[in-house]
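Encoded as structure tokens, the structure appears first; notes follow it.
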Amino acid sequence: MNAISGHHFGTDGKTEKHTVCVEGNIGSGKTTLLEYFSTYPYTEVTKEPVEKWRNIKGMNALEYMYKDASRWGLTFQTYVQLTMLQIHTQPQVKRVKMMERSIYSAKYCFVENLYQSGKMPEIEYTVLTEWFDFLLKTQDIKVDLIVYLKTKPETDLRRIKERCRPEEKQIPLEYLETLHNLHEDWLIKKKFPLPAPVLVLNGEYEKEEMIKEYESYTPHILRGPA
Ligand code: TTP
Ligand code: MG
Numbered sequence: 001m002n003a004i005s006g007h008h009f010g011t012d013g014k015t016e017k018h019t020v021c022v023e024g025n026i027g028s029g030k031t032t033l034l035e036y037f038s039t040y041p042y043t044e045v046t047k048e049p050v051e052k053w054r055n056i057k058g059m060n061a062l063e064y065m066y067k068d069a070s071r072w073g074l075t076f077q078t079y080v081q082l083t084m085l086q087i088h089t090q091p092q093v094k095r096v097k098m099m100e101r102s103i104y105s106a107k108y109c110f111v112e113n114l115y116q117s118g119k120m121p122e123i124e125y126t127v128l129t130e131w132f133d134f135l136l137k138t139q140d141i142k143v144d145l146i147v148y149l150k151t152k153p154e155t156d157l158r159r160i161k162e163r164c165r166p167e168e169k170q171i172p173l174e175y176l177e178t179l180h181n182l183h184e185d186w187l188i189k190k191k192f193p194l195p196a197p198v199l200v201l202n203g204e205y206e207k208e209e210m211i212k213e214y215e216s217y218t219p220h221i222l223r224g225p226a
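Below, the structure written as structure tokens:
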């Protein structure tokens, strides 16, 4: 047994270090779930990466991307890939590390969408893919569990409107439907490689009902597969 910051990690599978990525469409409730689990003393929750994408030395890459995806898609997704890698490789101090999204959903859902919709030329897609493959081979990107907040695109759109990020004002329902299908292709239909088992939560609930949903899966989420 080794002690790190007063926490003891055993080898019995229940006290082993454990990394959880939270996935789901834009507005599916990833940040809300992470806020709930951040109150546990043995979990560390990394900051929402979108805040970095909105402020690269004062420049808002997310805004550029929504204004002109063909022009800025590669720039934006390159930065997303970098920030996700930084979060994946950040040293883990507590027993459970929880993060919003992963390098995987950035690639399999968002980059894939830009490419398939004709907004990203093949050469840019290929360069990003070669970077992605190289990082997966050479870096320590360990994930033990994916929590998938499954929602309807209509619900995501309502929540996006309610929270009102200025960059996201023009998001049409069709965009969320396409992204929903890409999440389903990856996490349910396994059309792209899955780095960890997937736990599907119903992300349609609100407030108290949603907390009940978190609670009923807490042992599974925090301990991971036996
Ligand atoms: P999300 O990563 O889905 O985060 P969120 O805070 O919107 O999710 P939740 O409400 O569940 O907490 O998306 C953040 C923004 O970044 C969104 O406008 C979509 C965009 N984005 C991309 O364009 N490309 C990417 O690779 C990723 C990961 C996000
Ligand atoms: Mg969020």
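Reminder that position 99 of the sequence shown reads as 99 in full-length UniProt numbering, one-by-one numbering, no gaps. We treat Cβ as the ideally placed atom computed from N, Cα and C, and that holds for glycine. Model, not experiment: these values are computed from the prediction.
Check your understanding: In chain order, what residues of the same chain lie with their CB nearer than 8 Å to the CB of V80, ignoring the 5 residues before and after it?
Key -> Stepping through the sequence shown from its first residue, residue 80 is reached at position 80. If we look at V80 and ignore the five residues flanking it on each side, its Cβ neighbours are P49, W53, A106 and F110.
Exercise for review: Just mark M59 as buried or exposed, buried being the case when its beta carbon has 16 or more other beta carbons within 10 Å.
Suggested key: Here residue 59 is taken as the residue at index 59 of the sequence shown, counted from 1. Exposed, since its Cβ has fewer than 16 Cβ neighbours within 10 Å.
Review point. CB-CB under 8 Å to I211, same chain, minus the five flanking residues each way: which ones, in chain order?
Key: Residue mapping note: residue 211 aligns to position 211 of the sequence shown, counting from 1. Closer than 8 Å at Cβ, skipping near neighbours: Y36.
Point to revise | V96, buried or exposed, once every other Cβ within 10 Å from all chains shown has been counted against 16 | key: By 1-based counting over the sequence shown, the position of residue 96 is 96. Flag for V96 reads buried.
Review point. Any heavy atom of ligand 1 closer than 6 Å to the CB of G73?
Key: On the sequence shown, residue 73 is found 73 positions in, with the first residue counted as 1. No; taking the cut-off as 6 Å, the Cβ of G73 has no heavy atom of ligand 1 nearer than that.
Check your understanding: Where do the N-terminal and C-terminal ends of the alpha helix (DSSP H) with Y148 fall, by residue?
Key -> As a working mapping, residue 148 is identified with position 148 in the sequence shown. Where Y148 is concerned, there is no enclosing alpha helix (DSSP H), although the beta strand (DSSP E) it sits in stretches over L145 to K150.
Exercise for review: Starting from the N-terminal side, write out each stretch of the alpha helix (DSSP H) that is 4 residues or longer and does not extend beyond the segment 114-193.
Suggested key: 122-138, 153-163 and 173-187
Exercise for review: Check whether the Cβ atoms of L34 and M98 sit closer than 7 Å, and answer yes or no.
Suggested key: For this step, residue 34 is matched to residue 34 along the sequence shown. For this step, residue 98 is matched to residue 98 along the sequence shown. Yes; because the gap between Cβ atoms is below 7 Å, this pair is in contact.
Review point. On the three-state DSSP scale, how would you describe T39?
Key: To locate residue 39, count along the sequence shown from 1; it is residue 39. Correct three-state label for T39: coil.
Review point. Any heavy atom of ligand 1 closer than 6 Å to the CB of F132?
Key: Numbered from its first residue, the sequence shown carries residue 132 at position 132. Not so, every heavy atom of ligand 1 lies at least 6 Å from the Cβ.
Review point. Say the cut is 6 Å; is the CB of F110 nearer than that to a heavy atom of ligand 1?
Key: By one-based count along the sequence shown, residue 110 stands at place 110. Yes - ligand 1 has a heavy atom lying nearer than 6 Å to the Cβ of F110.
Exercise for review: Starting from E100, follow its DSSP beta bridges and name the residues at the other end.
Suggested key: Indexing the sequence shown from 1 puts residue 100 at position 100. E100 is bridged to V22.
Check your understanding: Is the segment 136-145 in contact with the segment 190-197, if contact means three or more CB pairs nearer than 8 Å?
Key -> yes
Practice item. Using beta-carbon positions only, say whether G203 and G27 come within less than 7 Å of one another. Key: Counted from its first residue, the sequence shown places residue 203 at position 203. Counted from its first residue, the sequence shown places residue 27 at position 27. Result no, Cβ atoms of G203 and G27 do not sit closer than 7 Å.
Exercise for review: Check the DSSP bridge columns for N202 and list the partner residues they point to.
Suggested key: Counting from one through the sequence shown, the residue named residue 202 turns up at place 202. According to DSSP, N202 bridges with K150.
**Study point:** Beta-carbon proximity list for W72, same chain, < 6 Å, skipping 5 on both sides
**Key:** On the sequence shown, residue 72 is found 72 positions in, with the first residue counted as 1. Closer than 6 Å at Cβ, skipping near neighbours: Y64 and M65.
Exercise for review: Closer than 6 Å by C-beta to T83: which residues in its own chain qualify, once you throw out the five before and the five after it? Chain order, please.
Suggested key: One-based indexing of the sequence shown puts residue 83 at position 83. P49 and K52.
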